[in-house]
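Engineer:
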């Protein structure tokens with residue numbers, strides 16, 4: 129986080145006429161939230177990096193975008209556009225992930241140092257609506273949206289294992305072929321049956337339409353992103369939001385759009401595995417919970433584990449063809465089934481990693497749970513590699529992919545945006561951000 133802000137400041141120092149760095153808020157832990165603005169146009173784009181703590185590629189992407197925008201007046205002066213790049217929406221959570229950013233870039237190292245806060249502490253979501261938002265990070269983003277009224281907002285996300293895809297609040301015809309071209313040139317698999325968009329309309333291969341938000345209970349909110357969020361909030365200003373997902377570990381299976389060999393058998397296997405793994409982790413948690421001291425750090429690490437355990441039984445039932453689920457599954461391709469298998473593994477690995485991190489932090493393990501968690505993490509990571517062919521994608525390629533997708537989205541959104549007469553604020557301190565970005 130420190131390198132990200134210092135390199136943004138260095139970029140501003142090199143381009144004082146066209147670039148400004150502005151503090152738009154302060155995190156819960158007192159970290160500054162920096163906005164890098166480039167250009168002086170009357171229309172605005174807003175790019176949000178670091179919305180999820182475990183998805184760091186957006187930091188590399190915004191610096192790459194800044195370089196690209198500064199070098200091309202067609203993206204600023206000629207388009208009458210100001211680019212606004214929020215360096216990180218969740219600086220506190222991102223700092224908690226710095227333990228794995230220096231490498232080695234293995235799944236085991238990643239999950240043992242994984243952190244992502246509980247659902248209620250994720251700043252993009254509005255579980256109580258915009259008026260009820262209490263996180264300072266969320267309030268800063270909402271205020272920024274209302275001030276800028278951007279015609280395009282891009283939220284930069286990362287997929288731990290899988291492929292790249294885009295979620296849109298409005299259709300941008302022509303994005304799917306551009307996405308396919310970029311993914312092919314950079315060797316990034318496209319996720320043709322994304323778990324996040326399982327029930328959503330498909331606008332084209334690996335491009336999904338985010339349904340209008342609705343109020344939902346916590347379980348539904350965690351598993352279905354079509355709840356009230358900062359993605360849809362600026363829709364009132366005519367904003368199109370694009371959620372740009374870039375994979376850290378690619379898995380070719382997620383781009384197989386063909387029919388599955390035996391849909392029901394594969395679904396039963398995924399459901400059975402999730403129920404089995406849930407029981408294992410519930411047993412581990414029952415053994416270690418009594419020894420936890422109730423410190424703020426323990427509570428912070430346990431909150432997402434409890435969220436996961438809350439939703440897993442319902443997910444297993446929803447995926448099981450032998451269960452009378454309240455919401456029937458849509459038609460599924462092989463890509464969908466691969467994404468479901470990856471999602472089940474990813475959820476239990478995240479929980480196991482958080483418990484492993486929690487025990488390491490206490491410095492003692494009277495229940496002897498750490499060796500068991502090590503065995504589970506190693507086994508499940510090996511399955512990612514053997515069953516799904518998960519392979520690390522170099523950070524430079526992740527960032528370049530995300531940058532090109534954002535620029536494609538910008539070009540298409542600019543054509544469809546409603547023009548407003550709105551002046552930018554006048555007068556608004558590159559390189560690698562963290563060791564992983566120097567790879």
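Numbering (the working numbering), first residue to last: 129 to 567.
Glycine included, each C-beta is placed from N, C-alpha and C at the ideal position.
Could you name each continuous alpha helix (DSSP H) segment of 4 residues or more that falls completely within the region 184-223, going from the start of the chain to the end?
Structural biologist: Segments of the alpha helix (DSSP H) lying fully in the region 184-223: 185-199.
Engineer: Taking one C-beta from the region 269-285 and one from the region 532-545 each time, how about it: are there three or more such pairs within less than 8 Å?
Structural biologist: Cβ pair count under 8 Å is three or more, so yes.
Engineer: Taking contact to mean at least 3 C-beta pairs separated by less than 8 Å, is the region 142-155 in contact with the region 247-266?
Structural biologist: These segments touch.
Engineer: In whole angstroms, what is the alpha-carbon distance linking residue 400 and residue 264?
Structural biologist: Roughly 40 Å between the two C-alpha positions.
Engineer: With a threshold of 8 Å, are at least 3 pairs of Cβ atoms found where one atom belongs to the region 377-392 and the other to the region 414-426?
Structural biologist: Judged by Cβ distances under 8 Å, the region 377-392 makes no contact with the region 414-426, as fewer than three pairs qualify.
Engineer: By how many angstroms is the C-alpha of residue 423 removed from the C-alpha of residue 305?
Structural biologist: Going from the Cα of residue 305 to the Cα of residue 423 covers about 50 Å.
Engineer: So, helix, strand or coil for residue 290, using DSSP?
Structural biologist: Strand.
Engineer: Could you tell me the alpha carbon to alpha carbon distance between residue 456 and residue 446, rounded to whole angstroms?
Structural biologist: So the alpha carbons of these two residues sit roughly 8 Å apart.
Engineer: Nearest CA to the CA of residue 513: which residue from 186, 289, 176?
Structural biologist: Closest option to residue 513, Cα to Cα, is 289.
Engineer: For residue 316, which three-state DSSP category applies?
Structural biologist: Residue 316 falls in the coil class under three-state DSSP.
Engineer: Does the beta carbon of residue 340 sit closer than 8 Å to a beta carbon anywhere in chain D?
Structural biologist: Given the protein chain composition of this structure (a single chain), no chain D is represented.
Engineer: Please list the terminal residues of the continuous alpha helix (DSSP H) segment that includes residue 370.
Structural biologist: It is not in any alpha helix (DSSP H) - residue 370 instead sits in the beta strand (DSSP E) that spans 368-378.
Engineer: Along the chain, where does the alpha helix (DSSP H) that runs through residue 264 open and close?
Structural biologist: First-last of the alpha helix (DSSP H) with residue 264: 264-276.
Engineer: If we ignore side chains and look at the alpha-carbon of each, how far apart do residue 425 and residue 224 end up?
Structural biologist: Cα-Cα distance, rounded: 11 Å.
Engineer: Which value, in whole angstroms, describes the spacing of the CA atoms of residue 292 and residue 336?
Structural biologist: Spanning the two alpha carbons is a distance of roughly 12 Å.
Engineer: Just to confirm, is the Cβ distance from residue 177 to residue 167 under 8 Å?
Structural biologist: No, the Cβ-Cβ distance between residue 177 and residue 167 is not below 8 Å.
Engineer: Please classify residue 327 as buried or exposed, where buried requires at least 16 neighbouring CB atoms within 10 angstroms.
Structural biologist: Exposed: under 16 other Cβ atoms inside 10 Å.
Engineer: Do you know offhand how far residue 454's Cα is from residue 443's?
Structural biologist: Spanning the two alpha carbons is a distance of roughly 11 Å.
Engineer: Quick one: Cα of residue 298 to Cα of residue 170, how far?
Structural biologist: For residue 298 and residue 170, the distance between alpha carbons rounds to 22 Å.
Engineer: Under three-state DSSP, which class holds residue 147?
Structural biologist: Strand at residue 147.
Engineer: Keeping to the same chain, check which residues put their C-beta closer than 8 Å to that of residue 144; ignore five residues upstream and five downstream.
Structural biologist: Cβ neighbours of residue 144 beyond the five flanking positions: none.
Engineer: Relative to the alpha-carbon of residue 530, which residue among 307, 255, 509, 217 has its alpha-carbon at the smallest distance?
Structural biologist: Cα-wise, what sits closest to residue 530 is 307.
Engineer: Whole-angstrom Cβ separation of residue 382 and residue 463, contact assumed at under 8 Å?
Structural biologist: Between residue 463 and residue 382 the Cβ distance is about 5 Å, and since that is below 8 Å, they are a contact.
Engineer: With C-beta atoms as the reference, is residue 287 less than 8 Å away from residue 534?
Structural biologist: Cβ distance not < 8 Å, so residue 287 and residue 534 don't count as in contact.
Engineer: Using the beta-carbon count (16 or more within 10 Å), is residue 256 buried or exposed?
Structural biologist: It counts as exposed.
Engineer: What would DSSP say about residue 544, mapped onto helix, strand or coil?
Structural biologist: Here residue 544 sits in helix by DSSP.
Engineer: Please say whether residue 219 and residue 137 have beta carbons closer to each other than 8 Å?
Structural biologist: No.
Engineer: Could you spell out where the beta strand (DSSP E) holding residue 474 opens and where it closes?
Structural biologist: Run containing residue 474: none in the beta strand (DSSP E); it sits in the alpha helix (DSSP H), 462-490.
Engineer: Is residue 141 near residue 198, with beta carbons less than 8 Å apart?
Structural biologist: No, the pair does not count as a contact, with Cβ atoms beyond the cut-off.
Engineer: Which residue or residues does DSSP assign as beta-bridge partners of residue 129?
Structural biologist: According to DSSP, which records beta bridges pairwise, residue 129 is partnered with nothing at all.
Engineer: Is the beta carbon of residue 388 closer than 8 Å to that of residue 461?
Structural biologist: The answer is yes: Cβ separation under 8 Å.
Engineer: Given a threshold of 16 other Cβ atoms within 10 Å of its Cβ, counted over all protein chains shown, does residue 491 qualify as buried or as exposed?
Structural biologist: Residue 491 should be labelled exposed.
Engineer: Return the first residue and the last residue of the alpha helix (DSSP H) that residue 227 is part of.
Structural biologist: Its alpha helix (DSSP H) spans residues 226-229.
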